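The structure appears below as C-alpha cells.
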Amino acid sequence: MSLAPSKSSNPVALALRDVTKRFQGAAGEVTALENITLDVHEGEFLAIVGPSGCGKSTLLSLLAGLEHTNEGTIELDHEAVHAPGRDRLVMFQQDALFPWLNVLENVLFGLRLKPGLSDAERLESARYYLNLVGLGNKEKARPHELSGGMRQRVALARSLAPNPRVLLMDEPFSALDAITREQLYGDIQEIFTKRQKTIILVTHNIREAVCLGDRVALFSPHPGRVQRVFDIQLPRPRRMNDPALATLAAEVTAELSIHLSQPS
Amino acid sequence: MKLPRPVIPTLVALAFFGGWEWLVSSGRVNDVLVPAPSQILQWFWEALKSGELLSATWVTMRRLIIGFAIGVGLGVPLGALSAQVRWIRDTIGVLALGLQTLPSVCWVPLALLWFGIREEAVLFVVVMGTIWAVVIAVQEAVLNVPPLFLRAAQTMGSNGWHLWSHVIFPAALPGVISGMKQGWAFAWRSLMAAEIFVVIVTGFGLGSLLNAGRELLRMDQVMGVMAVVMLVGLLADLIFFAPIERWLRRSRGLAR
Numbered sequence: 029m030s031l032a033p034s035k036s037s038n039p040v041a042l043a044l045r046d047v048t049k050r051f052q053g054a055a056g057e058v059t060a061l062e063n064i065t066l067d068v069h070e071g072e073f074l075a076i077v078g079p080s081g082c083g084k085s086t087l088l089s090l091l092a093g094l095e096h097t098n099e100g101t102i103e104l105d106h107e108a109v110h111a112p113g114r115d116r117l118v119m120f121q122q123d124a125l126f127p128w129l130n131v132l133e134n135v136l137f138g139l140r141l142k143p144g145l146s147d148a149e150r151l152e153s154a155r156y157y158l159n160l161v162g163l164g165n166k167e168k169a170r171p172h173e174l175s176g177g178m179r180q181r182v183a184l185a186r187s188l189a190p191n192p193r194v195l196l197m198d199e200p201f202s203a204l205d206a207i208t209r210e211q212l213y214g215d216i217q218e219i220f221t222k223r224q225k226t227i228i229l230v231t232h233n234i235r236e237a238v239c240l241g242d243r244v245a246l247f248s249p250h251p252g253r254v255q256r257v258f259d260i261q262l263p264r265p266r267r268m269n270d271p272a273l274a275t276l277a278a279e280v281t282a283e284l285s286i287h288l289s290q291p292s
Numbered sequence: 081m082k083l084p085r086p087v088i089p090t091l092v093a094l095a096f097f098g099g100w101e102w103l104v105s106s107g108r109v110n111d112v113l114v115p116a117p118s119q120i121l122q123w124f125w126e127a128l129k130s131g132e133l134l135s136a137t138w139v140t141m142r143r144l145i146i147g148f149a150i151g152v153g154l155g156v157p158l159g160a161l162s163a164q165v166r167w168i169r170d171t172i173g174v175l176a177l178g179l180q181t182l183p184s185v186c187w188v189p190l191a192l193l194w195f196g197i198r199e200e201a202v203l204f205v206v207v208m209g210t211i212w213a214v215v216i217a218v219q220e221a222v223l224n225v226p227p228l229f230l231r232a233a234q235t236m237g238s239n240g241w242h243l244w245s246h247v248i249f250p251a252a253l254p255g256v257i258s259g260m261k262q263g264w265a266f267a268w269r270s271l272m273a274a275e276i277f278v279v280i281v282t283g284f285g286l287g288s289l290l291n292a293g294r295e296l297l298r299m300d301q302v303m304g305v306m307a308v309v310m311l312v313g314l315l316a317d318l319i320f321f322a323p324i325e326r327w328l329r330r331s332r333g334l335a336r
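Listed in order, the protein sequences are those of chains A and B.
Going by the numbering used here, the final residue of the first sequence carries number 292, and the count climbs one at a time with no gaps.
Going by the numbering used here, the final residue of the second sequence carries number 336, and the count climbs one at a time with no gaps.
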C-alpha cells in the first residue's frame, strides 16, 4: 500500500475547454452542459459524479465522439475529438456484449478492427485481458450464460484489449448487485494500478466515485456545470467500507446538498 | 398412471379417421362430396405410382423456391435500405405496407397481360407475394437493433459496411428469419392461387392437379392434393425454418 501519487504533474491526455452542449427538447432548447473546462492527466482516474440531469452521461458521449459539442473543444493528445475512435473505448451501463458472439469473439471484436496486428497477436491479447478479468476459462461461453458481473467483466476486457488511450465508463456498475460491484471495484483498481490507464468514470454513486477516482469532479444540474473538484488522496486498493473513504464521501455529499437545497 | 404423450393424439386421430371412414362406407355421407380416407389414400398411391404427383410437386416446388429466392433476394436489401434511408422508408416502406395487404392473386390479371401464359407470370405472382412481407420484416428488424450495440461497435471503430455485416445484420437476424418464414407462407399461398386460377402450359403443378380434380369431380384428388400441400408446408418448416430458429434461440439464450 502506498499513498496515491498525484497525477497532476503528468502530461494532459484529455483537455476540455468551455464545452457546451444543447439539446432541442419538447419544451425548447435545453442546455445539458455549460462551459465545462477540465484536464484529465495521463494515467489518472477521474470520477464524474452528480445528480441526474447534470449532463454527465452527455459528457461521456461527447468524449466518445458519439455526439458533438455546440461550443468549446475536446482534445485528446492535442488532437480534436469529433468522431468515435479506438483511442477512446466505452464501458456502458449495460454490457452491450453481442449475443451472437461468444466471450472470446466479443473481446476480439475491437481487436480485429485494429490494424497492424497479426491474428495470433490479437488472440493472445484477447486471452491476456480475459485472464486479467478472471474469465480465462469462459472463452467459449455465450454472453447469456454468464452472470451480470461476469458480463461486465467481459465488457471491461473488450474495452481494454485494443489498448485505448482513455477508457470511458458510463455507470458500468449501476445494474449490478452490491457484492459483485465490490469485487469489480477491486478488479478495476488492480487493473488500473497495473496498466496505468487513463480512466474517466461517470456515476451517480458518490462512494463509488471516491473509491475509484484520483479526483472526483462534482457536477451540478440545470445546466450541467463543474461545481467542485476533489482530490482523493487515499492509498490503493481502497475499500468501500473504509471509514476514511466514508468521511470523504460525506464531504462530497455535503457539497452536493448545498447546491440541491438552493432554489433553482 | 401417466400415459406417454403421443398416446392421446394417436387415439384421437384413429377415432377421427375411423369415424370418417365409417360414415362414408356405410353410405351416410355421399362419397362424391366427401371421399373416404381410404379413397384419398388410394388416389395418393396411384398418383405416386404414375409419377403424376411427384412431377406436379417438383414443378410447384421449383416455382416456389425460385420465386421465394427472388423475393428474399430483393426483399432483404430493399428492407435494409428502407430502414437506413428516410426517404426510401417514406416511399417504398409505405408502399410495401400497402402491397402486403393485397392478396397476391390480385396480380394474376396483370401478370398474364405482361408476361403471357408463361412461367414468368407465375413467378411474378409468387415474388409479389413474398417480397413485401420480407421488406417490412427486415425494415422492422433493422430499426429494432438496440442503439447500444451500434454505439459500442462504433466506439470500437466499426462503421459502414463492417457495421452492417458484423453488427446490424447479425442483430437483426431473428427478425429477418421470421420475415422469411412469413414470406414463405405468403409465397406458398400465392403460388397455389396462381396455379388454380391459371392453366399454365409450361408445367402442371399441385394447384393445377387440384383444379383438374375439381373439373373431373374427383374430390379424392382434391383432398389428396390439399393434404400434400399441407405436408410440403409442414416439411419446409420442419427441415428449414425450425432448425434455424432453434439454433438462434439456443445460441442467444432465448430458449424457453
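All C-beta atoms in this analysis are idealised placements derived from N, C-alpha and C, irrespective of residue type, glycine included.
All values derive from a computational prediction rather than experimental measurement.
Query	Result
Excluding sequence positions up to five away, which residues of its chain have a Cβ less than 7 Å from the Cβ of B/I211?	G151, L154 and G155
If you check the beta carbons only, do A/Y213 and A/A185 fall under 7 Å apart?	no
Could you give the residue range of the alpha helix (DSSP H) that holds B/L296?	No alpha helix (DSSP H) contains B/L296, which DSSP labels as neither H nor E.
Comparing C-alpha positions only, which one of B/R298, B/A116, B/T181 and B/A93 sits nearest to B/E101?	B/A116
Any beta carbon from chain B within less than 7 Å of A/G138's own beta carbon?	yes
At 9 Å on the CB atoms, spell out the chain A contacts of B/G333, in chain order.	P127, R170, P171, H172 and E173
Helix, strand or coil for A/G100 per DSSP?	strand
Using the Cα positions of A/G78 and A/D46, report the straight-line distance between them to the nearest angstrom.	19 Å
Under the DSSP definition of a beta bridge, which residues are partnered with A/D198?	A/V230
Secondary structure at A/H250, three-state DSSP: helix, strand or coil?	coil
Please classify B/H242: does DSSP put it in a helix, a strand, or coil?	helix
Just the C-alpha distance for B/L243 and B/A232, rounded to the nearest angstrom, thanks.	11 Å
Please list the partners that A/Q122 has in chain B, where partner means a Cβ-to-Cβ separation under 7 Å.	L228
How would you write the range of the beta strand (DSSP E) that A/A297 sits in, first residue to last?	Given that chain A is displayed from residue 29 to residue 292, the structure contains no residue 297 of chain A and the question cannot be resolved.
Could you check the C-alpha separation between B/L190 and B/V312 for me, to the nearest Å?	28 Å
Can you look up B/D111 in the DSSP assignment and give me helix, strand or coil?	coil
Could you say which of B/R169, B/L113, B/V188 and B/L91 lies nearest to B/M208 if we only look at CA atoms?	B/V188
Once DSSP output is grouped into helix, strand and coil, what is the label at B/T282?	coil
Check this for me: beta carbons of A/R266 and A/C239, under 7 Å apart or not?	yes
Nearest-angstrom Cα distance between A/S89 and A/P263?	30 Å
At the 7 Å Cβ level, is B/R336 part of the contact set with chain A, yes or no?	In this prediction, B/R336 has a pLDDT of 49, which is less than 50 and means its spatial position is unreliable; what the coordinates show is noted afterwards. By this cut-off, B/R336 is not an interface position.
By the 10 Å Cβ neighbour count, where 16 or more other Cβ atoms means buried, how is A/H69 classified, buried or exposed?	buried
Beta strand (DSSP E) containing A/V58: first to last residue?	G56 to H69
Here's the rule: buried if 16 or more other CB atoms are within 10 angstroms of the residue's CB, otherwise exposed. What is A/K222?	exposed
In three-state terms, what does DSSP make of A/A32?	Caution applies to A/A32, whose pLDDT of 49 falls short of 50 and renders its modelled position unreliable; the value that the coordinates give is listed next. DSSP places A/A32 in coil when its eight states are reduced to three.
For my contact list, A/R22 and A/G164 are in at a C-beta cut-off of 8 Å; report their separation, rounded to the angstrom.	Only positions 29 to 292 of chain A appear in the structure, and residue 22 of chain A is not among them; the question remains open.
Cβ of A/L94 less than 7 Å from any chain B Cβ?	yes
Here's the rule: buried if 16 or more other CB atoms are within 10 angstroms of the residue's CB, otherwise exposed. What is A/D259?	exposed
Below 9 Å between beta carbons is the criterion; list the residues of the region 232-253 of chain B that meet it against any residue of chain A, in chain order.	A232, A233, Q234, T235, M236, G237, S238, N239, H242, H246, V247, P250, A251 and L253
Can you tell which of A/D198, A/H106 and A/G83 has the C-alpha that lies nearest to the C-alpha of A/V254?	A/G83
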